[in-house]
Each structure stands twice: as C-alpha cells, then as structure tokens.
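Notes to accompany the following structure.
Protein chains: 2
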Amino acid sequence: MSELHKRIRRKSLHDKIRPVEDVIPLFKHGMSLGWSGFTPAGYPKAVPIALADHVEKNGLQGKLKFNLFIGASVGVETEDRWASLDMIDRRWPYQTGKNIQAGINEGRIRMGDRHLSMFAQDLGYGFYTKDNGGRLDIAIIECSAVTEEGGLVLTASCGAVPEIVQIADKIIIELNTSIPSYEGLHDIIEPVSPPNRLPYLISRVDDRAGSPYVRIDTDKVVAIVESKLPDNGRSFSEQDDTSEAIASNIVDFFKFEVDNGRLPKSLLPLQSGVGSIANAVIGGLAKGPFSGLNVWTEVLQDTMLDFFDSGKLDFASTVSLSFSVEGFKRFYGNWEKYSGKVLMRPLSIANHPEPIRRLGCIAMNTPVEFDIYAHANSTLVGGTRMINGIGGSGDFLRNAYLSIMHTPSARPTKTDPTGITCVVPHVPHVDHTEHDLDVLVTEQGLADLRGLAPRDRAQLIIDKCAHPDYKPLLQEYFDMAKKDCLARKAGHEPQLLDRVFKMQVNLAKNGTMKIDNWDI
Amino acid sequence: MSELHKRIRRKSLHDKIRPVEDVIPLFKHGMSLGWSGFTPAGYPKAVPIALADHVEKNGLQGKLKFNLFIGASVGVETEDRWASLDMIDRRWPYQTGKNIQAGINEGRIRMGDRHLSMFAQDLGYGFYTKDNGGRLDIAIIECSAVTEEGGLVLTASCGAVPEIVQIADKIIIELNTSIPSYEGLHDIIEPVSPPNRLPYLISRVDDRAGSPYVRIDTDKVVAIVESKLPDNGRSFSEQDDTSEAIASNIVDFFKFEVDNGRLPKSLLPLQSGVGSIANAVIGGLAKGPFSGLNVWTEVLQDTMLDFFDSGKLDFASTVSLSFSVEGFKRFYGNWEKYSGKVLMRPLSIANHPEPIRRLGCIAMNTPVEFDIYAHANSTLVGGTRMINGIGGSGDFLRNAYLSIMHTPSARPTKTDPTGITCVVPHVPHVDHTEHDLDVLVTEQGLADLRGLAPRDRAQLIIDKCAHPDYKPLLQEYFDMAKKDCLARKAGHEPQLLDRVFKMQVNLAKNGTMKIDNWDI
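In order, the protein sequence lines correspond to chains A and B.
The first sequence: position 502 = 502 (my numbering), numbered continuously.
Quick note: to get my numbering, add 520 to the position in the second sequence (first position is 1).
Following this line, the structure appears as structure tokens:
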C-alpha cells in the first residue's frame, strides 16, 4: 500500500484520489474558495499551482478569478502568483507578497481586513459570502492524514479550517506525504453559532479542549490530491542593534514588574509577533532570568526552537509553525523532543479574547508607527497603502494582561537615514486605540503608560520613545497644541487639525518627515 | 431594632456605625478612592456630599483633592460637585457633568479613558495606582444589606465594586435604608488574577455564575454610614422623528436577517446604549414582530420596563438600573414582576469579551461621528474635547455578533441646522476601527458593511448614510482621493492627508462643515 493510501485511514475515501489535473474543471470563474494555511504554513500547494499553470498556459488571466478566504497569508508561489495572473477578485483577511499588495493598492484586488478571531467567526456565520448564500464553493485543505472517522489531520497550521469546511459545498484534500503525520499536535474545537455556545475550557496553555482532527461531512469530499510540496518556509530575519536594544528594554521592564509583584516569576503566557524585534525579544528571554515560561501565540518562528533548547520555555500554543526550511528540518529531526511541547489551535480559539484574557497574555507587536497619545497604525503606510493586514495584533493587544508595541524610533528613506519618525503627532490610520495599549518601546526607551492621562502619556512618549532628530519637533507640536486646545477649553487630547499630518505630507513630497516648522 | 441594624445581619459590624461627619477626618489630600456606582445608579451619596460640604465650608478648594476610580459616571451632586470644588486630580474612566467636563478639557482634571472591562481588570491589577503600591486608600460602597458572612448586598449597580474592595485598604459602607434590599439581584464573580483564572460559566443571559453578594475582608470596614438619599435618576430622553427613522431602519434590518437565516427568530441578546435612539430601538422592538428576546447590556433605562410589559422581553442582564425617579418607583412598586427577570453583574463580567462573544450579542451604540471607511469617534469632539468617555462601547462593538452604530446623519450648529455632518472623510479621533463595525445607520438609511472592502464600504456609506446636504462634498472627496491614491499605487483606503480635516477646521472657524470646495 502506498504512503498516500496508508495516510487515508478512511478506506471509503480511497476512490476519491485523483491526479491534480482532474480537479481543474471543478473551478469556475467567480467562485468563493477557502484554503487551509496561516502565515506561510499548512496551505495547499499542488492544486493552486496547477490552477495557476492552467491559467498561464491558456491565457485565462482575468477570466478565472476567485474570492479567496484564508486564515492569513500563504506562500508566494500560491496567492502571490495568483495575484500576478489576475486570479483574485476579493481576498480576506491578511496577505503577503509583492504582486498581491500591488493588486490591492492599485485597485484590482478587493481586500477586506479584520481581526483574525472575528474573521474566522464571521466567515463561519456566512457574513462574507452573503451573495453566495453564506457558502464557500470549494475548500482546499492540506492534511497529513485522514482518520477512520474521516477526520482531517492538518499539517503545520490550523488557520480557519474548522469554519471553512463547515460552510464549503465541496472539499478538496491535499494529502502531503512529504512531511510526517502531525496527528496529536492539533486541538480543534468545532464552531457552534450563538446562542448555543459553551465555554472553552482552556485555563492553561497546554489544556486540550477539543479533538486532534477536524470533523467533516465526508460526502463533501470531491477529490484527494497527493502533494509532495513543502511549505515555502519563512526566511529568518536578521538581528540588529536596534532590535537588541528594544528587546533589552523589554526584558528590563519584565524584571521591574516581577520585582514589584505585578508579574509572576514565570511571567505570563507570551504572544510575540514576527520579525527581527520579536526574535530579539525571544532571544533575550532565552538568555534571561525567567524560567518556566509559556507561549500562547499565533506563529512560532525558528527562535522558539532555541527558546525550548534553553530550558526556559515549557510549552507553546500556536496557530502555525512558521519555521524556515532549516527550522522545519530541525523540528522534524527532533520530533520527540519538540512535538510534546507544542499544540496548534485554530485562530478562532488561539486569537479569541476568551482564552487571551483568561490566561493573561503578554502581547508584543510591531506597528508601522504610533502617536504621542498611543494610537498605533499597523496596516496602512501613509494612511492609505496596505501592507499585510492587522492580523491578530488587535485580538491580543485589546485583551492582554500587558499590551506592548515595539518599533525602531525612526526608519530610513532613500535620502535620509532617519527620514521617517515612528513616533508622530497623530497616526494617519488607527488600528489600535489609546484605550488598548499599555507600554510603547523603541531603542530609545520604554514608556509605561498605565494610569496616565493623555497629556501625561504624550510627554512620556516624546521623552522616552522619540528619536533625538524628532524630539524637538514633536515637543513643539505638543506644546502648541496644548496651548491652543486648553485655551479653547477643548484640551483633553490636544491636536491641531489644520497641520496634524504636516510631517506625512512632507514625507510624500520631500522624502523626509523633518519639516522646517509647524506653520500652516 | 432600627432598619439600619436589621439590614446589617453581620452583628459584629454594628459597632462600626458612625454619623457621616465622623468619617471626614479619614480623608487626606492626594488619596486614591474607589466608589461603587455606574451610570448614575448605586453610587455613594452621603459621604461624598458631606466631604463636599466640608470643603466648601472650610475653603479647602484645591487643598483636598483625590484620585477617583468609579465604574462609570455617578450623580452630578457628587462627582460634578467635587469637580466644581476642585476636589478631583485624576478621574477614571467615564464621567458626566458640566463641571467635570470643563475641568478635564481645561487641564485641571486628569482623566483616563479605557474600555470598561479593561478598566475594572487593570484597576484590580493595581495598574492605575502603581505609585500607591497598587492600592486604593478608601473604598466607599453603597449597599442595601450586609449578610451574616459580611457579604455586601449592593444596590442599583455593580460597577467595579469587586475589584475596588479587593485593593482598598479601608472600606466605608453607605447603607441605604430608603430603598428595598436588592438581595438576589446581583451575580458577583470574585476577581482572580492570571494565571489562575477559570472560565465564566455563563451560556445564557440568565445564568448565575457567582454569588449574590460581594465578599470582603470585614476587618477593612472602618465605618458604616446610613444613607437615605435616592439615586439622582436619569431623566428620560425625548423621542424624535430622526430616532424613530433610525430605529425603523434597524428593525427592518433584523427582519431581513431573520428571513435570510442569519439571525434566530428571537434574535440574539441585545446590547443597547442610552439616549433617544436607544429608546426608539427598544420601543420599536416592543411593538415589533420578534418575541422571546433577551438583553445583555450595561444599563437598563425606563423603556426596558415597557419592553418587559410588552411581553416580548424575557430577561435582562445589566450592570445597573439607570431609571428615572419615576422608573425606580415603577420598579419598586412591581418588585415581584420585574425583579425575577433582571440580574445585575459587575462590569468586569457584563462587559467581558468572553460572555459577549459566547452569547453573540447584538451591539448598538451612538458615536459622535463615523467616517466613510467605518471608523467611529465616540469620545472626543473635534478630536480633542472629551465628552463622557468610551464606556463599554468598545467591549461590545469589538465582540458582538453584529456591531451596529447609529447616529443622525447631521446635527445643528448655532448658525446652520445641518452644520455638522456625522459622516466625515476621516474621524479626527478613532475609538472604534474599521475592523470592528458591521453596520452603520442614520435616518437616511442603513449600510451593511459585512464582507466589503474599504472603497466599496465608502461608496455604500455615502450612498446610504450621508445627509443630502453633504453627499456631493463627500463624493467629491472620495473620488479625488481614489484618483490620487490609486495613481500613486497606494489606494487600498484612499485619503488626502493635506485636506482630510478641512470640514472640521471650517466648523471651528465658520460654524459649519459645509466647505466651498476641497482646495488646499
């Protein structure tokens, strides 16, 4: 018996095995599709690539377009290639890739952005496919095995699979025989609509509250395609001095909080984003004074394996394994060591406020920029250009025990090494409000905003977080705004609306946010 | 035995009974205080009024100032009078009153604004009183009885009492003998800090998950003061045609959702704010086609009594009874009829995302304004002047099954009956983001935004919600912004930052948002 047949323990499904070219005719222009996958891991590859080849070969660009609903971003060889072949009409919620971003910002692709926990839920309610009776036409799900009951054993992520298979009319399974069976690494809670929901009985990061596979109606399975394609692993972000300085500020803050009795010695479950700062923070903790740590997050990067190896990290709950190619090798090569310390959950659970608040997570994420009153922009450069999406940052920052955002204080432009200040008077797009954030950190310092009124927050943020090149400009703006608004008896949160975006306008025109003065 | 002694069933506390003037010396300049109370109900009156009299009589204005932490707003005869006597340094989180608002916006009172569910939790963590060792110096709690165990039976609200009594060094009880004992109307869950929290076992609005009283350390009780002062009831908002039209749009939408299978026939638990639109919506539902309804909310207004009387409303869970003087008479006069259908919860539970998401609430709130991409401003007029605070609107709108905001499309200024458009290109302050809101409603129409990308949302909001006086201006702005941003390949959410607040600047200068053109 082939490996493929062995992995499909539900024997009656064996006659659904098809070569990939046989599924192409199932796809019609305008269909709504749901894929497995989350922050390039566990996504279908064989079918999307075959569809892209089909479009390319037959000149079908723009004639075979789909509405694409996926837990978050998937590999560039799939969604980004689809974007370049004009195969995407709508795309929800979080994406990555040069071509898909160009399509979104030039108006060809209609992207909807939503907190990931709400995305999964609302997709399941049929809110995004109202015109299609609340249904998805086809789901494409990467699996590593199928149980006797027909349950789907997923691969390196859970994404929004439980919701997707519920509302899909047809299911195509991509059975990936090139990776081990992940059976036992997932904890799946079947979505139930209100008013009949029950509590999620998760009180520790390692609590199981569901089943190890996704229950489906096997009658919906129209094809099983074998895949041998690996995930297009996430490349590792370089460490740098700025990230190290930020991480050091954060670790010092944790020590201070433990000393003052506001955090337990083993801290609280950590949520950490992706990128070099997140890596530096994890690196700092792996070398730091805390032990018995836990992680409750969306994505595990390679540094988490070092964190496990340091003996400081006890357990990690995540939506996906977002390793590099090297990282996956290391994970598979030490399966016994790592697999017992990891549980993967769907984003409707991992990002749900219920466990995040109950566990008291410490949330850490990088914005594009934040402002002097602690609003943060995570999605739209210049207030208009989409990068990736809000992802789960709002789910975590709104509900964490401690909500931390970290960024370099300045970024380079083509003509000015500190042409962009990440601390601005007013962010041009707000993804996280002043009501959500506790602590802001740059390489310059850390501002603990808890208990501070807006004007006190502003002064602390300017003092602690702003880059020296911008401190005088920000102080001048804040002083002018205070004077004007308090005199008008409207100064709870002073702003000057007639010039508030002057720095951003200058950046677009002159390549730097360093303005000569604040005159209108 | 006096009524006071009868109500204090914990006999050992009888010798803590004091005349109100005896507690005045307990209060020192700079202390941090926690009060019971929520949206003028269940707040202490005798002690705050006696303190105000003391300050006034002895010319202590500015010399006896406090940091005031209360679940939300309380009666004007207490906090607002304190503001007028310069007795407040910091005030968290939501307030009402002319004097307190003046103090906040002129820079005398440092107000912190926070989602109510987070406020309660963070207060309990000691985050707002870090400089005071995470403690409150004195709690003043209005009660209607004290149990044998020393448990506090609260009155017409629960507010943040469970957190306040945990972190208070001293507790003063105001035992109100002028109202019935509310025993049995509250469901109190004692706050536990992470990582040791358990699920809140609430799966229906009428589920009890805690105890009918607040457990305290009775050694902290330094005085019991008798009070005979009633709550300063909320005056009833007038109905008007605009509110009726908005309510009618919402009821029609509910019918449509039921017909399309996206809502059960008995809808889902309703959260409704305060004011004339909320009253009109409740009035519309009381006459509407739905029955077996439930309410999960923060405040019950008088109209809820009519809603019960209509036979359509089965049960209501709330933080407070925010009735008018007449409403309280009606409630007390029909105790048997109403009291079995109402449960009051602390805001740490009522506003907690856990039950709100599980129950699948329908959230309805009024903002100051919203913008064409569905960001809403709930707190700061002109982006700088505080009105009341965000309250629980974010807790509900972020987590509801359906998140609805409703407002008149325009408001009058002194010189122009439609001088203010409530639909703007960009709100100058964001309390609720585009990632949070599903449906926007004005008297002009309803925009169902679910599943729409930003530019599609903008067109629908302009078409359905904007006032005819502003529709051409908004359309012109949107078209200009689209053209500019898409050409720059930065058009996911088009804006023109060099003129985005032109309407607001014009309002401040010329008393109307009707600008002549969009030129810079």
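We put the CB at the ideal spot given by N, CA and C, even for glycine.
Remember, it's a predicted structure, so these values are computed and weren't measured experimentally.
Cutoff 8 Å: residue i Cβ touching any chain A Cβ
i       : result
F890/B  : no
Q995/B  : no
P560/B  : no
D633/B  : yes
K1009/B : yes
P784/B  : yes
S868/B  : no
Q1015/B : yes
V950/B  : yes
S556/B  : no
R529/B  : no
F1021/B : yes
8 Å Cβ cutoff met for residue i and residue j
i       : j       : result
V47/A   : E174/A  : yes
Y477/A  : A410/A  : no
L305/A  : R345/A  : no
E77/A   : Q95/A   : no
T318/A  : A350/A  : yes
A490/A  : N625/B  : yes
S322/A  : R215/A  : no
I699/B  : T675/B  : yes
G394/A  : T512/A  : no
I1040/B : M1023/B : no
L718/B  : H492/A  : no
L863/B  : L917/B  : no
G904/B  : P494/A  : In the sequence as presented, Gly is not what sits at residue 904/B; that position holds Thr. Yes, the Cβ-Cβ distance between T904/B and P494/A is below 8 Å.
G679/B  : G804/B  : no
G670/B  : L533/B  : yes
L85/A   : Q61/A   : yes
N919/B  : R877/B  : yes
8 Å Cβ cutoff, residue i in contact with chain B
i      : result
L229/A : no
F127/A : yes
Q271/A : no
M386/A : yes
S32/A  : no
Q504/A : yes
F254/A : no
L201/A : yes
R197/A : yes
R330/A : no
Residue burial classification, residue i (beta-carbon count within 10 angstroms, cutoff 16)
i      : result
Y852/B : exposed
H549/B : exposed
F256/A : exposed
L672/B : buried
S348/A : buried
A967/B : buried
D122/A : buried
D479/A : exposed
V192/A : exposed
W855/B : exposed
P93/A  : buried
G653/B : exposed
| message | Beta carbons nearer than 7 Å to chain A: which residues of the stretch 908-923 of chain B have them? | response | I910, G914, R918, N919, Y921
Closer than 8 Å is the cut-off here; do at least three beta carbon pairs connect the stretch 749-767 of chain B with the stretch 575-588 of chain B?
no
Counting Cβ pairs, one atom from each stretch, are 3 or more of them under 8 Å apart for the stretch 97-117 of chain A and the stretch 265-281 of chain A?
-> no
Relative to chain B, which residues along the stretch 92-104 of chain A have a C-beta separation below 7 Å, given in chain order?
-> A102, I104
**Request:** Select from the stretch 354-366 of chain A all residues with a C-beta closer than 7 Å to any C-beta belonging to chain B, and list them in chain order.
**Result:** E354, R357, R358, L359, G360
Pull out every residue of the stretch 974-1008 of chain B whose Cβ sits closer than 7 Å to any Cβ of chain A, in chain order. D976, C1005, L1006
| request: Tell me, please, whether the stretch 367-384 of chain A touches the stretch 425-437 of chain A by the rule of three or more beta-carbon pairs shorter than 8 Å. | output: yes
* To do: Would you check if there are 3 or more beta carbon pairs closer than 8 Å linking the stretch 399-418 of chain A to the stretch 460-468 of chain A?
  => yes
Practice item. Taking a Cβ distance cut-off of 7 Å, strictly less, list which residues of the stretch 214-248 of chain A are near chain B, in chain order. Key: none
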